[in-house]
Each structure stands twice: as structure tokens, then as C-alpha cells.
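Please read the structure below before turning to the comments.
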Amino acid sequence: MQNITFSNNNLSYEELEIKQLLTLFVKIVQQFIQDFQSNSKQLQD
1 MQNITFSNNN
11 LSYEELEIKQ
21 LLTLFVKIVQ
31 QFIQDFQSNS
41 KQLQD
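Its first residue numbered 1, the sequence shown is counted upward by one per residue in the UniProt record's numbering.
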């Protein structure tokens with residue numbers, strides 16, 4: 001039984017890590033899009 005619990009904890013930890021990485025990735029992409037849009041506006045001006 002302990003082994004099963006341990007496995008579940010590992011899985012949860014990995015899922016948490018993946019969610020954190022995804023959140024970080026989304027933030028980076030959003031920042032990139034914002035930079036790109038402001039660069040485009042500067043070029044148009």
C-alpha cells in the first residue's frame with residue numbers, strides 16, 4: 001500500500017512541475033507576443 005501511495009505522490013509532483021512549466025511557457029509566449037506587437041506598431045509609425 002505504501003508503494004502505491006508513493007507512486008501517486010510522485011505522479012502528483014510531476015504533474016505539478018509540468019503545470020508550473022506550462023505556466024512559465026505561457027507567460028514567455030505572452031511576453032513575446034506583446035513585444036512583437038509593440039515592435040510592429042513602432043515599424044508602422
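Here a beta-carbon is modelled for each residue, glycine too, at the ideal position from N, C-alpha and C. Predicted model, so just to flag it, every value in this text is computed and none were measured.
Rounded to the nearest whole angstrom, the C-alpha separation of isoleucine 18 and lysine 27 is 14 Å. Taken atom to atom, the span from the alpha-carbon of threonine 23 to that of glutamine 30 is near 11 Å. Taking the CA atoms as reference points, glutamine 20 sits about 12 Å from serine 12.
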